[in-house]
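For what it's worth, UniProt numbering labels the leading residue of the sequence shown as 1, then goes sequentially. Backbone N, C-alpha and C fix where the C-beta goes; we use that ideal spot for every residue, glycine too. These numbers come from a predicted model, not from an experiment.
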Amino acid sequence: MEFGDILKVIGEFGRFQKWLVLLLCIPNFLTPFHLFGQVFIVMDVPHYCNTSRIRELNWNLTKEQALNLTIPRKPDGSLEECRMFTPVQGSLPSIRFNSTEKCQDGWVYPEELQPTLLTEFNLVCERKNLNDFSQSIFMAGVLAGALVFGPLSDRIGSRNMILLTLLLMGSFGLGAGFAPSLNVYIALRFIVGSAFAGMSISMAVLNSEWVGAAYRPFAIIMTYCCNSMGQMALAGLAYSIRDWRLYQIVGSAPALCLFFYIWVLPSSARWLVTRGKVVEAKKEIQRAARINKQSIPEELLNQLAPQKKGTSGSILHLLKKPHLRKITLIMAWVWQTSLGLCSMCSRIGGILAPLAGLLDEIHPAISMVLFGSTSLVGGILCFFLPETRNRDLQDDTTKASSSQLSNKAVNGGFGNGPVEEKDERWITEITKSTSL
1 MEFGDILKVI GEFGRFQKWL VLLLCIPNFL TPFHLFGQVF IVMDVPHYCN
51 TSRIRELNWN LTKEQALNLT IPRKPDGSLE ECRMFTPVQG SLPSIRFNST
101 EKCQDGWVYP EELQPTLLTE FNLVCERKNL NDFSQSIFMA GVLAGALVFG
151 PLSDRIGSRN MILLTLLLMG SFGLGAGFAP SLNVYIALRF IVGSAFAGMS
201 ISMAVLNSEW VGAAYRPFAI IMTYCCNSMG QMALAGLAYS IRDWRLYQIV
251 GSAPALCLFF YIWVLPSSAR WLVTRGKVVE AKKEIQRAAR INKQSIPEEL
301 LNQLAPQKKG TSGSILHLLK KPHLRKITLI MAWVWQTSLG LCSMCSRIGG
351 ILAPLAGLLD EIHPAISMVL FGSTSLVGGI LCFFLPETRN RDLQDDTTKA
401 SSSQLSNKAV NGGFGNGPVE EKDERWITEI TKSTSL
């Protein structure tokens with residue numbers, strides 16, 4: 001008996017499923033803070049080298065005079081941000097205005113400015129790249145989370161994984177607000193990124209396992225609409241709270257307020273059955289039927305039985321057999337090639353994006369039209385990809401492996417013999433992690 005048959009009886013998108021979608025919307029509403037929040041706490045601000053020591057020489061200089069004697073000027077008359085005149089210990093006439101050096105005693109920022117990540121950790125001049133580096137470490141955490149939490153979710157269940165990652169994301173995100181140094185902040189953000197990846201995978205799985213196939217796209221789209229709403233709310237939060245530490249705390253703490261999910265978030269009945277927990281699975285199904293105001297026959301529940309455990313394997317199984325080894329190595333090469341090509345294209349986009357911003361001088365809408373039309377053209381071109389043109393989109397590796405294209409690759413192109421279930425699971429996990 002398929003679990004989809006039970007869903008048809010208890011309701012494929014009733015009150016229970018709508019309640020589940022609502023529960024999953026709340027974490028999705030909170031995640032934009034961790035993804036995009038750093039943009040608002042490292043904004044460029046005016047700064048120049050701290051040369052206040054010259055005023056300690058009792059030369060009776062005003063602040064403006066001291067700046068003129070210690071900081072070079074740009075052609076437009078503004079102060080240089082990263083250079084200062086070489087200090088002297090003699091009299092005023094001995095100051096050399098043709099010799100400069102890097103800032104020695106930090107930088108000076110506007111006094112009226114609230115503390116930001118940039119001003120507190122001096123992410124300017126030669127340290128400016130540390131901002132991009134910290135965001136790269138966060139994305140590395142997302143990749144690590146996909147590799148670690150994806151398989152772990154299959155072991156402990158999507159519900160438990162969501163609860164665990166909410167705890168990690170809230171506590172370590174909160175800890176980032178108290179970080180004493182940039183290194184600690186980056187390390188905490190790495191863990192937050194890992195938790196984000198694990199939570200995203202688990203929420204999509206739990207959503208799809210309780211919602212009928214016909215309503216599945218709508219349910220998943222609705223949860224990600226909440227992500228867009230969170231992005232809009234993020235701008236208001238950043239505008240209201242200018243202190244970066246308070247901003248970090250306020251953005252992270254709500255995840256810890258979702259502790260009540262322990263009692264209200266359902267487990268996946270499908271996963272419970274695969275783990276041999278049939279009694280618990282029946283309780284979850286009966287709970288869903290009760291909320292949907294449907295009755296489920298007892299004889300239908302009695303047909304639930306734990307699935308037979310298949311033989312477990314490891315990633316080494318992909319390398320032991322000739323045809324699987326060829327598939328794995330070729331796919332790995334293609335993944336890296338695609339990654340390099342996409343990375344190169346994104347670098348080109350990074351070069352052109354600032355230039356596109358100059359089009360605002362002609363009309364404010366031109367740059368947005370340019371970016372929007374580029375995405376539209378890219379989406380249309382996807383319909384003409386040779387590997388997907390005139391082919392049905394496969395939902396999983398089982399269907400894909402039975403298609404003509406997959407059969408040609410597995411049996412005709414790379415060797416003979418079917419792909420065993422334990423090997424297919426590893427291929428699925430690697431594909432999920434790589435795609436994320």
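- A contact is defined here as three or more CB-CB pairs under 8 Å, and the region 159 to 168 fails this definition with respect to the region 211 to 227.
- DSSP places Glu101 in the strand class (E or B) of the three-state scheme.
- Using a Cβ distance threshold of 8 Å, Asp5 and Gln114 do not count as a contacting pair.
- Looking at Glu12, Phe3 and Leu30, the one whose alpha-carbon comes closest to that of Tyr224 is Leu30.
- Remark: C-beta atoms of Gly145 and Phe85 do not approach each other more closely than 8 Å.
- Within the same chain, Cβ atoms closer than 7 Å to the Cβ of Glu12 are found at Val211, Gly212, Ala214 and Tyr215, the five residues on either side in sequence being excluded.
- Pairing Arg325 with Leu316, the inter-Cα distance amounts to about 9 Å.
- A distance below 7 Å between beta-carbons, with the five flanking residues on each side excluded, links Gly157 to the following residues of its chain, in chain order: Ser267, Ser268 and Trp271.
- In the structure shown, the three-state DSSP call for Cys82 is coil.
- A distance below 8 Å separates the beta carbons of Gly230 and Asn28.
- Leaving aside the five residues that flank Leu301 on each side, the residues in its chain whose CB is nearer than 7 Å to its CB run, in chain order, Lys282 and Ile285.
- According to the DSSP secondary-structure assignment, Tyr48 is paired through a beta bridge with Val108.
- Contact between Ala255 and Tyr247 does not hold, since the beta-carbon distance rounds to 15 Å and is not under 8 Å.
- Non-local C-beta neighbours of Leu319 in its own chain, meaning closer than 8 Å and more than five positions away in sequence, comprise Arg325 and Thr328, ordered along the chain.
- Judged by pairs of C-beta atoms under 8 Å, the region 197 to 209 touches the region 133 to 152, as three or more such pairs exist.
- With contacts defined by Cβ atoms closer than 8 Å, Phe33 and Leu234 form a contacting pair.
- Look at Arg242 here: in three-state DSSP terms it is coil, with no helix or strand label.
- For the 8 Å CB-CB criterion, Leu304 and Val264 do not form a contact.
- Secondary structure at Arg275: coil, using DSSP grouped into helix, strand and coil.
- Between Leu174 and Ala288 a beta carbon distance of about 34 Å is seen, past the 8 Å cut, so the two are scored as non-contacting.
- Note on geometry: alpha-carbon atoms of Gln38 and Glu81 lie some 22 Å from one another.
- With respect to the C-alpha of Phe218, the residue from Leu370, Leu67 and Cys25 having the closest C-alpha is Cys25.
- For Met199, the enclosing alpha helix (DSSP H) starts and ends at Leu182 to Trp210.
- Straight-line spacing of the CA atoms in Gly106 and Cys257 works out to 39 Å.
- Classified as buried, His47 has 16 or more neighbouring CB atoms from the shown chains inside 10 Å of its CB.
- Rounded to the nearest angstrom, the gap between the Cα atoms of Glu64 and Phe138 is 42 Å.
- If the five residues before and after Lys8 are omitted, its C-beta is found closer than 8 Å to the C-beta atoms of Gly212, all from its own chain and listed in chain order.
- A residue is called buried when at least 16 other Cβ atoms come within 10 angstroms of its Cβ; Asn390 does not meet this threshold and is exposed.
- A direct Cα-to-Cα measurement between Asp44 and Asn207 gives close to 41 Å.
- Excluding its 5 nearest sequence neighbours in each direction, Phe16 has C-beta neighbours in its own chain below 6 Å: Ala288, Ile291 and Asn292, listed in chain order.
- Arg391 sits in coil when the DSSP states are folded into three classes, being neither helix nor strand.
- Minimum Cα-Cα distance from Leu22 among the listed residues Leu359, Val273, Gly372 and Cys226 corresponds to Cys226.
- For Phe33, the uninterrupted alpha helix (DSSP H) segment begins and ends at Arg15 to Phe36.
- Pairing Arg83 with Thr100 gives a Cβ-Cβ distance under 8 Å.
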